[in-house]
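If you read the sequences in order, they're chains Y and V. So for the first sequence, the working numbering puts the first residue at 9; every next one is plus one. So for the second sequence, the working numbering puts the first residue at 9; every next one is plus one. Think of the CB as a built atom: it goes at the ideal place given N, C-alpha and C, for glycine as much as any other residue. Please read these numbers as outputs of a predicted model, since none were measured by experiment.
Protein chains: 2
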Amino acid sequence: MLKVDTKTKILDAAEKLFAQKGFDAVSLRNIVEIAKVNLAAVHYHFGSKQALLHKVVSRRFRPINKERLNMLENARNKAGKNKLKLEAVLESLFFPIFRAQANPKAGISFTRLIGRVVFDRNKELQKFMLSELTEVIIQFSKAFDEALPNLEKTEIDWRSHFMAGAMAHTLCNADLLSDFTKTNANDSELEITVQRLIDFTAGGFRAKVSKTPNTKKR
Amino acid sequence: MLKVDTKTKILDAAEKLFAQKGFDAVSLRNIVEIAKVNLAAVHYHFGSKQALLHKVVSRRFRPINKERLNMLENARNKAGKNKLKLEAVLESLFFPIFRAQANPKAGISFTRLIGRVVFDRNKELQKFMLSELTEVIIQFSKAFDEALPNLEKTEIDWRSHFMAGAMAHTLCNADLLSDFTKTNANDSELEITVQRLIDFTAGGFRAKVSKTPNTKKR
DNA sequence: TAATGTTTTAAACGATCGTTTGAATTAATG
DNA sequence: CATTAATTCAAACGATCGTTTAAAACATTA
Numbered sequence: 009m010l011k012v013d014t015k016t017k018i019l020d021a022a023e024k025l026f027a028q029k030g031f032d033a034v035s036l037r038n039i040v041e042i043a044k045v046n047l048a049a050v051h052y053h054f055g056s057k058q059a060l061l062h063k064v065v066s067r068r069f070r071p072i073n074k075e076r077l078n079m080l081e082n083a084r085n086k087a088g089k090n091k092l093k094l095e096a097v098l099e100s101l102f103f104p105i106f107r108a109q110a111n112p113k114a115g116i117s118f119t120r121l122i123g124r125v126v127f128d129r130n131k132e133l134q135k136f137m138l139s140e141l142t143e144v145i146i147q148f149s150k151a152f153d154e155a156l157p158n159l160e161k162t163e164i165d166w167r168s169h170f171m172a173g174a175m176a177h178t179l180c181n182a183d184l185l186s187d188f189t190k191t192n193a194n195d196s197e198l199e200i201t202v203q204r205l206i207d208f209t210a211g212g213f214r215a216k217v218s219k220t221p222n223t224k225k226r
Numbered sequence: 009m010l011k012v013d014t015k016t017k018i019l020d021a022a023e024k025l026f027a028q029k030g031f032d033a034v035s036l037r038n039i040v041e042i043a044k045v046n047l048a049a050v051h052y053h054f055g056s057k058q059a060l061l062h063k064v065v066s067r068r069f070r071p072i073n074k075e076r077l078n079m080l081e082n083a084r085n086k087a088g089k090n091k092l093k094l095e096a097v098l099e100s101l102f103f104p105i106f107r108a109q110a111n112p113k114a115g116i117s118f119t120r121l122i123g124r125v126v127f128d129r130n131k132e133l134q135k136f137m138l139s140e141l142t143e144v145i146i147q148f149s150k151a152f153d154e155a156l157p158n159l160e161k162t163e164i165d166w167r168s169h170f171m172a173g174a175m176a177h178t179l180c181n182a183d184l185l186s187d188f189t190k191t192n193a194n195d196s197e198l199e200i201t202v203q204r205l206i207d208f209t210a211g212g213f214r215a216k217v218s219k220t221p222n223t224k225k226r
């Protein structure tokens with residue numbers, strides 16, 4: 009077993025604790041206790057608690073988002089001149105991050121953290137997340153447009169929003185669900201979970217758009 | 009304008025701040041400053057910060073959950089001996105809480121708070137929320153079973169989970185979405201938002217269940 | 001009005017927070 | 001080996017946290 013450097017020890021401990029309890033509920037002293045490093049090491053290596061959080065996120069999120077874009081590119085190539093398939097777009101979006109969940113090294117901690125982050129209203133964090141996701145948002149927005157040529161742009165945006173909620177909740181609260189359904193949402197069940205999420209969200213995207221009961225205003 | 013009692017002033021301020029920044033990020037001193045009451049009043053009236061949070065939630069959540077059950081009961085009666093309609097079940101679940109969002113008194117604060125709470129990993133809060141939702145979970149679980157007689161129980165549970173994520177995200181991050189789509193998710197748009205969420209989630213519930221590519225394990 | 005119960009208040013409690021400092025230690029470089 | 005740079009460390013900084021106390025102010029009832 010080779011020596012793990014201080015930076016990594018801090019990142020691992022912070023990842024675990026932030027995912028478990030949230031950013032504000034975790035102190036740097038909690039983190040250095042788990043990481044078994046000195047308190048001042050956090051500021052030496054990362055500068056601040058907020059900067060540490062950003063590093064915790066980007067360390068795992070960047071490779072995941074790269075792979076999302078790769079998978080989408082592959083799906084495009086495979087489709088050729090045929091229409092891009094909605095299920096392929098969704099799989100490109102879900103699979104890389106859910107596979108990170110099954111990875112014993114990153115573990116369930118990180119994906120849970122990502123789920124939490126989506127619902128966190130830490131302004132700096134939101135700005136940071138948006139910047140990390142810029143390219144993914146652009147490319148997948150285009151992809152949804154292509155895969156759903158008969159759906160209005162506004163509706164696509166709303167349904168992308170709903171889809172993001174379903175995904176985030178599943179990432180964050182997978183444990184609640186396994187209590188619920190007796191199936192465990194990890195390991196070999198990974199593909200099944202992703203397939204279930206694809207089925208549901210694809211069904212949602214393809215649902216008929218009903219006109220509202222009465223648009224009294226305007 | 010009649011005098012607002014201290015308890016209500018604290019509840020209102022806490023609701024606003026918890027929704028804005030989250031439980032851990034808000035101090036009692038932040039709350040009493042907004043509420044314009046003495047710091048010790050919080051413990052005098054509520055006992056602790058955690059107990060205050062529970063009260064903030066239950067004050068608005070209980071009437072909402074009562075109305076959800078009422079609407080579900082009405083939907084059942086209207087259906088008579090016909091099969092309960094999925095859209096009616098979903099509307100019973102969504103409408104009462106989204107209407108609270110449009111209510112200028114409760115405002116967007118509370119629903120955002122509820123959205124956040126779903127993703128919060130405060131153990132005591134989770135237990136409390138579960139106890140507040142017991143009857144709703146029982147009745148709506150039954151209703152989904154009735155409305156989807158051809159869908160396996162396990163699949164219903166998973167899809168209920170996805171649906172909850174879509175709902176929570178919409179409650180919590182409605183503002184992000186209105187930036188996105190230029191439509192505003194309040195006021196007269198209430199019915200439209202709910203209808204969109206019904207369309208999406210109903211489509212998800214009704215989607216075909218695809219067998220996983222290969223169930224290698226087992 | 002006197003007595004009793006309820007609510008509000010200022011002040012302090014010990015604990016913990018993120019961050020900074022400067023010296024001790026280790027690693028790298030000439 | 002000497003010197004410089006990088007890292008670790010114990011200790012402390014001021015600020016803020018949730019909670020408690022006990023007296024003051026107010027309201028209610030006899």
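Item checked: Buried versus exposed, by CB contacts within 10 Å (16 or more), residue 146(Y) -> exposed
Check: Considering only residues of the same chain and omitting the five flanking positions on each side of residue 69(V), which have a CB-CB separation below 6 angstroms?
Finding: 140
Notebook entry, point to check: Is the number of C-beta pairs between the region 52–68 of chain Y and the region 45–57 of chain V that are closer than 8 angstroms three or more?
Noted result: no
Next item on the list: Identify whether residue 173(Y) lies in helix, strand or coil by the three-state DSSP scheme.
Entry: helix
Check: Taking Cβ positions only, does residue 211(V) come closer than 7 angstroms to chain Y?
Finding: yes
Checklist line | Straight-line Cα distance separating residue 75(V) from residue 25(V) | finding: 26 angstroms
Notebook entry, point to check: If you check the beta carbons only, do residue 21(V) and residue 121(V) fall under 7 angstroms apart?
Noted result: no
Check: Rounded C-beta distance between residue 208(V) and residue 182(V)? I'm assuming under 8 angstroms.
Finding: Wrong, their Cβ atoms sit about 15 angstroms apart, outside the cutoff.
Next item on the list: Please decide whether residue 194(Y) counts as near chain V, where near means a Cβ-Cβ distance under 7 angstroms.
Entry: Summary for residue 194(Y): the model assigns pLDDT 46, below 50, so the residue's position carries little reliability, and this model does not support an answer.
Checklist line | Coarse secondary structure for residue 88(Y), derived from DSSP in three states | finding: coil
Check: According to the Cβ coordinates, are residue 118(Y) and residue 23(Y) closer than 7 angstroms?
Finding: yes
Item checked: residue 24(V) in three-state terms, based on DSSP -> helix
Margin query: Taking 6 angstroms as the limit between beta carbons, can you name the residues of its chain near residue 40(Y), skipping five residues before and five after?
Written below: 47
Item checked: Contact set between residue 204(Y) and chain V, taken where Cβ atoms lie within less than 7 angstroms -> 166
Checklist line | For residue 83(Y) and residue 92(Y), believed in contact at Cβ under 8 angstroms, the rounded distance | finding: 7 angstroms
Item checked: Beta-carbon proximity list for residue 14(Y), same chain, < 7 angstroms, skipping 5 on both sides -> 45, 49, 53
Item checked: Neighbour flag for residue 215(Y) against chain V, beta carbons, 7 angstroms -> yes
Margin query: Please report the straight-line C-alpha distance between residue 214(Y) and residue 211(V), rounded to a whole angstrom.
Written below: 7 angstroms
Note to self: Cβ closer than 7 angstroms: which chain Y residues qualify as neighbours of residue 32(V)?
What the structure shows: 30, 32, 33
Note to self: Assuming contact is defined by CB atoms lying nearer than 7 angstroms, are residue 2(V) and residue 202(V) in contact in what I supplied?
What the structure shows: Because chain V spans 9 through 226 in this model, residue 2(V) falls outside it and cannot be assessed.
Check: In chain order, what residues of the region 148–180 of chain Y put their CB closer than 8 angstroms to some CB of chain V?
Finding: 162, 163, 165, 166, 167, 169, 170, 171, 172, 173, 174, 175, 176, 177, 178, 180
Notebook entry, point to check: Rounded to whole angstroms, how far is the Cβ of residue 127(Y) from the Cβ of residue 115(V), which I believe are closer than 8 angstroms?
Noted result: Actually they are not in contact, since the Cβ atoms of residue 127(Y) and residue 115(V) sit about 19 angstroms apart, beyond 8 angstroms.
Item checked: residue 143(Y) versus residue 67(Y): straight-line alpha-carbon distance, rounded -> 17 angstroms
Margin query: For residue 108(Y) and residue 73(Y), what's the separation of their Cα atoms in angstroms?
Written below: 11 angstroms
Note to self: Taking a contact to mean a Cβ-Cβ separation below 7 angstroms, would you say residue 97(V) touches residue 155(V) in this structure?
What the structure shows: yes
Margin query: I'd like to know if residue 183(Y) contacts chain V, where contact means its C-beta is closer than 7 angstroms to some C-beta of that chain.
Written below: no
Notebook entry, point to check: Among 166(Y), 149(Y), 125(Y), 206(Y), which residue has its Cα nearest to the Cα of residue 30(Y)?
Noted result: 125(Y)
Item checked: Which of helix, strand or coil DSSP assigns to residue 218(Y) -> coil
Checklist line | Distance between residue 130(Y) and residue 193(V) (C-alpha atoms, nearest Å) | finding: The predicted position of residue 193(V) is uncertain, since its pLDDT is 44 and thus under 50; a value taken from the coordinates is nonetheless stated next. Taking the straight line joining both Cα atoms gives about 21 angstroms.
Note to self: Taking its Cβ as the centre, do 16 or more other Cβ atoms sit within 10 Å of residue 85(Y), making it buried, or is it exposed?
What the structure shows: exposed
Checklist line | Range of the contiguous alpha helix (DSSP H) that encloses residue 135(V) | finding: 131–155
Item checked: Own chain partners of residue 179(Y) with C-beta closer than 8 angstroms, once the 5 adjacent residues on each side are dropped -> 105, 106, 109, 119, 120, 122, 123
Check: Does the Cβ of residue 60(Y) have 16 or more other Cβ atoms within 10 Å, making it buried, or fewer, making it exposed?
Finding: buried
Notebook entry, point to check: If the cut is a Cβ gap below 7 angstroms, which residues of chain V does residue 218(Y) touch?
Noted result: 203, 207
Next item on the list: Name the residue from 62(Y), 99(Y), 112(Y) whose alpha carbon lies nearest to the alpha carbon of residue 138(Y).
Entry: 62(Y)
Notebook entry, point to check: What are the start and end residues of the alpha helix (DSSP H) that includes residue 112(V)?
Noted result: Run containing residue 112(V): none; DSSP gives neither H nor E here.
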